[in-house]
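One structure is given here, and the rest of the page talks about it.
The structure is reproduced here in structure tokens:
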């Protein structure tokens, strides 16, 4: 038993990358497959029940004149409801307004603004959530008394709270960040509470036998034991903070951010439905980027420290 | 007996300094009329009843007995991980609580209970860190301890990269890191295979000789108890009590040859018969009766 372990160690510490190599490739394949399937369903629906279209022109001297008339008529597959994928992609390169910069540039700037709000909201929410988690973990009484209210706070629709926050606070990115924090603190509170409680009771006894103070037990045992749970909750919180920031922007009337783009392009939907779709794609990508950053922070923080981390 | 002075001062909170020469020869642990009942009233389960035990400095004491005899409870009472319902536990003239707060105990459980996120070296440093030793002192001491358990080359690995026996050795190094007066071990090798266990027994004997620490050791294994101990405390269940104490006068140091001595087998037989005598009366071999199961549960809960 000891011998095999020695041999294994002599060959170098167990590398995580070896284990995560094929799984990362599998994930990439799954993602590409999912996107392809989505594309197929999307354009398939349009092919069967969308608006007719015509390809007319010449390519390498060959005249092309192709017209497609879908056999069915579905309201959800019209160009207004479901623009062609290529027109959504194409719209990124077109000016968002007459003589203005291209849409990609506008959306990038707005996404950056929203990201700033989401980041501040995430920081506030994560700090608050961690604080509450630590507080609740110290006393079952506190947990029983207050956790129901924390849960109740999340059953109030954020769209109902957002206008209030905007009224109470001066209009600006901070109000939006607070709204984002409202969505963020909850998963972190729950993750922290669960993680802090996950410490091995025998390890708590061990710490007691060393005459550790409650503070030492928290810092040296409970928090490190909670780290994997915390990062899992941070990932949920990261995407929630993007949603919170966008929803917060809607009633605030700030002329920046993806929220303002959504309001704007919704208003002019008839003249350019693909712009709203493009904004949705950018919002989704922003969420993915944020979650990816949290993931990167997690693997940096727990490099080699936890058994099989980053699951 | 070689002492292991710490590189640095003992924590100021550690209470009064080590007892003077007067108390050198008196008992380190004094258990007087100790009883422990789990639960209240007539439904309470009596885990221990009227236990008396005196342990002297440098002894190696094994507690052995059937499941539910309260041997782990007795160990936990000495270590102040639970409190007695009646009677007193005195350690170096202090209460068990004062002794725990004075950091006089090193503990080793059946599971190594190492912290995954710390390297082996940092795991051994943990108690020193809690006691406020500076980095250099911690590192020197932890390295010495890892050398003692012959894991000097594994300081920078993580616990989950080691085998069970190696992990338990790290736990022993950690327990000894702050030079405790008393080492309490609760079935430390119970989860190991027989061969690893025998090797660990030899290791422990070597460490005990080198450090001179008083050790109290809970075990299920008769040969292990006889091989390691200067005295074997035999306990029986319902209610948990001490039925006999066997002096093991096998020569020191104990080595591989010890297990082949005639005297060794005689002691094993003595302990086995002492255990059987108190098992015979009630229930016997017909599997554990319900009250025993309850008692084990209660012990696990505490």
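Residue numbers (this note's numbering), protein chains in the order written: chain A, 1 to 311; chain B, 312 to 613.
Beta carbons: idealized from backbone N, C-alpha and C, even for Gly.
- Apart from the 5 residues on each side of it in sequence, residue 161 of chain A sits with its Cβ closer than 8 Å to the Cβ of 179, 182 in its chain, given in chain order.
- Using a 10 angstroms sphere on the CB of residue 288 of chain A, the tally of other CB atoms stays under 16, which defines it as exposed.
- Residue 459 of chain B counts as buried, since at least 16 other C-beta atoms from the protein chains shown sit within 10 angstroms of its C-beta.
- With fewer than 16 other Cβ atoms from the protein chains shown falling within 10 Å of its own Cβ, residue 300 of chain A counts as exposed.
- Here residue 498 of chain B really is in contact with residue 530 of chain B; their C-beta atoms are around 6 Å apart, less than 8 Å.
- Here residue 40 of chain A is not bridged, per DSSP, to any residue.
- Counting the other Cβ atoms within 10 Å of the Cβ of residue 222 of chain A gives 16 or more, which makes it buried.
- Scanning its chain for C-beta atoms nearer than 8 Å, with the 5 sequence neighbours on each side dropped, one finds around residue 581 of chain B the residues 557, in chain order.
- For the 9 Å CB-CB criterion, residue 386 of chain B and residue 495 of chain B form a contact.
- Cβ-Cβ distances below 8 Å link residue 232 of chain A to 191 in the same chain, with the five nearest sequence neighbours on each side left out; the list follows chain order.
- Residues of chain B whose Cβ lies closer than 9 Å to the Cβ of residue 256 of chain A do not exist, since the nearest Cβ in that chain is about 41 Å away.
- Taking 9 Å as the threshold, the shortest C-beta distance from residue 298 of chain A to chain B does not fall below it.
- CA-CA distance, residue 164 of chain A to residue 297 of chain A, rounds to 34 Å.
- Under the three-state reduction of DSSP, residue 113 of chain A is assigned to helix.
- Residue 398 of chain B: not part of any alpha helix (DSSP H); member of the beta strand (DSSP E) spanning 397–402, first to last residue.
- Per DSSP, the continuous beta strand (DSSP E) segment holding residue 374 of chain B begins and ends at 371–375.
- Residue 191 of chain A has a beta carbon lying at 9 Å or more from every beta carbon in chain B.
- With contacts defined by Cβ atoms closer than 9 Å, residue 118 of chain A and residue 261 of chain A do not form a contacting pair.
- The C-alpha of residue 464 of chain B lies about 37 Å from the C-alpha of residue 560 of chain B.
- Residue 255 of chain A and residue 173 of chain A have their alpha carbons spaced roughly 11 Å apart.
- In the three-state reduction of the DSSP assignment, residue 488 of chain B falls in the coil class, being assigned neither a helical nor a strand state.
- Residue 203 of chain A belongs to the set of residues whose beta carbon lies under 9 Å from a beta carbon in chain B.
- In the DSSP assignment, residue 349 of chain B is bridged to B:356.
- Bridge pairing for residue 342 of chain B: B:364, B:400 [DSSP].
- Look at residue 498 of chain B here: in three-state DSSP terms it is coil, with no helix or strand label.
- With fewer than three CB-CB distances shorter than 8 Å, the region 404–412 of chain B does not count as touching the region 425–432 of chain B.
- Residues of chain A with a Cβ closer than 8 Å to the Cβ of residue 550 of chain B do not exist, since the nearest Cβ in that chain sits about 24 Å away.
- For residue 42 of chain A, the CB contacts under 8 Å within the same chain, skipping 5 residues up- and downstream, are 82, 85 in chain order.
- In terms of Cα proximity to residue 368 of chain B, the closest of B:378, B:500, B:524 is B:524.
- Judged by DSSP secondary structure, residue 66 of chain A falls within the beta strand (DSSP E) whose first and last residues are 62–68.
- In its chain, beyond the 5 residues on either side, 430, 432 have a beta carbon closer than 7 Å to the beta carbon of residue 467 of chain B.
- Beta-bridge annotation (DSSP): residue 95 of chain A is paired with A:102.
- Taking residue 143 of chain A as reference, the option from A:108, A:189, A:115 with the minimal CA-CA separation is A:189.
- Residue state for residue 546 of chain B is assigned as strand, using DSSP reduced to three classes.
- Contact residues of the region 41–68 of chain A toward chain B are absent (C-beta to C-beta distance below 7 Å).
- Taking 9 Å as the CB threshold, residue 221 of chain A lines the interface with chain B.
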